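Visitor: Here you go, one structure.
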Amino acid sequence: MARELLTARLERKECISDVAQCYHFVFVIDELVSFNFAAGQFVSAVAPDANGKQQTRAYSIASAPNGNRFELCVNRVEEGFFSNHLADLPDLPIGAEIQIHGPHGHFILHEPITDSILVATGTGVAPMRGYLQSLFPEGGSDRSNGKQIWLVYGTRYESDIYYHSEFEALAARQPNFHYLPTLSRAQENWTGLRGYVQEHVARIIEERAAQLGQPLPAPPPDPALPASELTFDIYAYICGLNEMVSGVRERLTALGWHRKQIVFERYD
Ligand SMILES: Cc1cc2nc3c(=O)[nH]c(=O)nc-3n(C[C@H](O)[C@H](O)[C@H](O)COP(=O)(O)OP(=O)(O)OC[C@H]3O[C@@H](n4cnc5c(N)ncnc54)[C@H](O)[C@@H]3O)c2cc1C
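Residues 832 to 1099 (the working numbering) make up the sequence shown, in order.
Here is the structure:
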């Protein structure tokens, strides 16, 4: 069945990392008053390639619902068709339009909000930005219910930490938001965290368990309970390339986490 296509007009495009060739986009859907989605979902963008073949790629929405606007964060993939198509969209004031369908996907926050560890690498931070905007809306009422929210964000170099100053400002304003960027190939002058996201996620869990007096590995839930009834006081949301997602899932499983506590989105 053909999906209903929406036209999204480019309202703003900004290169947020020259080195990583990463772009932030703001689109408006003029035919809608409100584009309804849950933070963390994605849109499917559609365009014909050089041979006239229709290509479709998924892109996480990098913002919280906001009228008929949505934002994307996309980096160029070498030899890739769609990422370059988007990165090459003509800059304003000419503007450009793209075709999309959606929203799609189940990578959304559990309600009610619990303590949450958001784990991302690269543009996997896009849905996390959407979550954070929806939990801590600027000028709006806090939806985090005072729960602890960690963002563990891994990149190779300082130059490819996207939205760094935005997350720093949020952490300064919200005591229950903890921003942990970590670099796998840091320069000597980097004073922040180093290494892979898995290590820092494990440390958060160990410290939290010690504070709450909980055993590790966590004991399995009552097997008599059906999976649909299982609830947890902490969830992890992981987004990025498969290798990282698998690494974090393995680490969490070793710490006794249940698969239902681990929500993930893989980009490849
Ligand atoms: C649910 C979902 C959400 C996504 N959200 C985003 C997002 O917010 N931002 C974003 O930039 N991307 C996102 N992606 C990835 C995106 O859909 C494309 O795969 C990516 O832009 C590459 O497409 P392309 O047409 O440029 O490359 P293609 O022409 O499809 O591929 C070219 C080559 O690059 C390799 N490749 C494909 N994807 C990647 C990748 N992500 N990283 C490295 N190599 C790759 C392929 O194996 C191939 O060899 C998401 C993917 C999924 C499934």
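Ideal placement from N, C-alpha and C gives every residue a C-beta, glycine not left out.
None of the values given here were measured: they were computed from a predicted structure.
#1: So what does Asp946 bridge to, in DSSP terms?
#2: Confirm the yes/no value for this check: CB of Gly911, any heavy atom of ligand 1, distance under 6 Å.
#3: Cα separation between Pro921 and Arg1004?
#4: Go to His916, then tell me how far its alpha helix (DSSP H) extends in each direction, as first and last residue.
#5: To which residues does DSSP link Leu1011 through a beta bridge?
#6: Spell out the partners DSSP gives Val877 in its beta bridges.
#7: Kindly identify the DSSP beta-bridge partner or partners of Thr1119.
#8: By DSSP, does Tyr854 sit in helix, in strand, or in coil?
#9: Are the CB atoms of Ala851 and Arg960 nearer to each other than 7 Å?
#10: Figure out for me which residue from Tyr984, Pro1046, Pro1006 has the closest Cα to the Cα of Val1032.
#11: Considering only C-alpha positions, which residue in the set Leu836, Pro879, Phe868, Tyr890 is nearest to Tyr854?
#12: Please go through the stretch 1004-1052 and give each complete beta strand (DSSP E) segment of 3 or more residues, from N-terminal end onward.
#13: At the level of alpha carbons, what is the spacing between Ser848 and Gln1029?
#14: By the DSSP assignment, the alpha helix (DSSP H) with Ser894 in it spans what residues?
#15: Roughly how many angstroms separate the alpha carbons of His1009 and Leu1001, rounded to a whole number?
#16: Going by the C-beta, is Ser894 closer than 6 Å to any heavy atom of ligand 1?
#17: Taking the alpha carbon of Gly1071 as the point to measure from, which residue in Arg974, Arg1097, Ser1077 has its own alpha carbon closest?
Guide: With the given structure in hand:
#1: Ile1065
#2: yes
#3: 36 Å
#4: 913-918
#5: Val983
#6: Thr887, Gln930
#7: The requested residue 1119 is not part of the displayed model; the chain covers only 832 to 1099.
#8: strand
#9: no
#10: Tyr984
#11: Tyr890
#12: 1008-1014
#13: 24 Å
#14: No alpha helix (DSSP H) contains Ser894, which DSSP labels as neither H nor E.
#15: 9 Å
#16: no
#17: Arg1097
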